[in-house]
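Visitor: The structure's right below; bear with me while I get my questions together.
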Amino acid sequence: MKPSSVIGRFAPSPTGDLHFGSLVAAVGSYLEAKHTGGKWLLRIEDIDPPREVPGSSARIIADLARLGMHPDGPVLYQSNRLEDYQFYLQRLLESGLAYPCACSRRDLPTSGIYPGTCRNGIENGKKPRSVRFRHSENDCGFDDILRGRQEESPAGGTGDFVVRRADGLIAYQLAVIVDDYFQGITQVVRGADLLDSTFRQLRLQNALHFQPPEYMHLPIVLSEDGRKLGKRFDADPVRHENPAIAVAQALGFLGQNPPRDLSLSALWDWAMRHWDRSNICSQQA
Ligand code: GLU
720 MKPSSVIGRF
730 APSPTGDLHF
740 GSLVAAVGSY
750 LEAKHTGGKW
760 LLRIEDIDPP
770 REVPGSSARI
780 IADLARLGMH
790 PDGPVLYQSN
800 RLEDYQFYLQ
810 RLLESGLAYP
820 CACSRRDLPT
830 SGIYPGTCRN
840 GIENGKKPRS
850 VRFRHSENDC
860 GFDDILRGRQ
870 EESPAGGTGD
880 FVVRRADGLI
890 AYQLAVIVDD
900 YFQGITQVVR
910 GADLLDSTFR
920 QLRLQNALHF
930 QPPEYMHLPI
940 VLSEDGRKLG
950 KRFDADPVRH
960 ENPAIAVAQA
970 LGFLGQNPPR
980 DLSLSALWDW
990 AMRHWDRSNI
1000 CSQQA
């Protein structure tokens, strides 16, 4: 196969073990990149220590290997990348595209849209807590590989959003675009629960002059009661002793129809040759 220039990635947060929902994102991102001869990278998004479950990074990496997914390069840990995030945060602050904000959760409306209280400076006597990115009136949209044109709602989603949290931690939205840029990612395949975040990420990429990757948002795996599958799922196929069962189920969820009872390596061979994104049913979520 002629190598392509696609570089995809899987970027789990170590807030629990790999589960069927995250496996679907791993398999989708892996095959989208690899079936064209591209590369697939793995990034552990461990920049939120309060939410981290000890040992889960190592278990996620081990599970991916057991399931036959090996990254084409060293695993990147966001906890090692803090200086770079700080650099770009500073750049946003210096250019006036981000500003310090003194609001605490209590000061904010429940609607989730920031009213712009600190946009023009912090009120006398108040202390800066977080840093917010200045939302512009410009339209924001992208062509999702699976879902077609996506436009941000006219109200602009969340308004000015946090890029450095009040506890000093860098927010996911900033870290993720700095690393997608740093790793040369050309294609982001992930669950549709992150579709709304994409608009914020595009705005940040635009502000920092990063070329955005292509985006593809997969259907989300829902539990029987219709909620997004959480980290606890008792009969999770990922835990099945035969890894081919888990991979076959993820492929089935993504509309692919592999022959039954293949070994793990035969299943991956089949998937590389037959992967067809047009079979994914994006109506599921
Ligand atoms: N770390 C995020 C999560 O586990 C995913 C980030 C991404 O794919 O952009 O939900």
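For the sequence shown, the numbering used here begins at 720 and goes up steadily by one. Quick reminder that beta carbons are idealized off the backbone N, C-alpha and C, glycines included. None of these values were measured; they are calculated from a predicted model.
Return helix, strand or coil for A1004, following the three-state DSSP convention.
Guide: For A1004, the predicted model reports a pLDDT of 49, less than 50, meaning its position is unreliable; a value from the coordinates is still stated below. In the structure shown, A1004 sits in coil (DSSP, three-state: anything other than H, G, I, E or B).
Visitor: Are the Cβ atoms of I964 and P977 separated by less than 7 Å?
Guide: For I964 and P977, no; Cβs fall outside 7 Å.
Visitor: Kindly indicate which residue of R825, K845, R824 and S814 has the alpha-carbon position closest to the one of A926.
Guide: Of the candidates R825, K845, R824 and S814, the one whose C-alpha sits nearest the C-alpha of A926 is S814.
Visitor: Quick check on the burial criterion: 16 or more other C-beta atoms within 10 angstroms. Buried or exposed for C1000?
Guide: Burial call: exposed.
Visitor: Quick one: grab the DSSP three-state call for W989.
Guide: In this structure, W989 counts as helix in the three-state DSSP scheme.
Visitor: List, from N- to C-terminal side, the beta strand (DSSP E) runs of 3 residues or more that fit wholly inside the stretch 821–876.
Guide: List check, beta strand (DSSP E) in window: 849–852, 860–863 and 867–870.
Visitor: Within 10 angstroms of the Cβ of G740, are there 16 or more other Cβ atoms? Answer buried if so, exposed if not.
Guide: So G740 counts as buried.
Visitor: In the DSSP assignment, find the beta strand (DSSP E) that holds E802 and state where it starts and stops.
Guide: No beta strand (DSSP E) contains E802, which is instead part of the alpha helix (DSSP H) from L801 to E813.
Visitor: Going by the C-beta, is R909 closer than 6 Å to any heavy atom of the ligand GLU?
Guide: Checking every heavy atom of the ligand GLU against the Cβ of R909, one is found closer than 6 Å.
Visitor: Does the beta-carbon of S732, which I'm using as the reference point, lie nearer than 6 Å to any heavy atom of the ligand GLU?
Guide: The answer is yes for S732.
Visitor: Using 8 Å as the cut-off, can you tell me whether the stretch 724–734 makes contact with the stretch 759–766, which would need three or more C-beta pairs spanning the two stretches below that distance?
Guide: Touching, per the Cβ criterion.
Visitor: Is D765 buried or exposed, if buried means 16 or more other CB atoms sit within 10 Å of its CB?
Guide: So D765 counts as buried.
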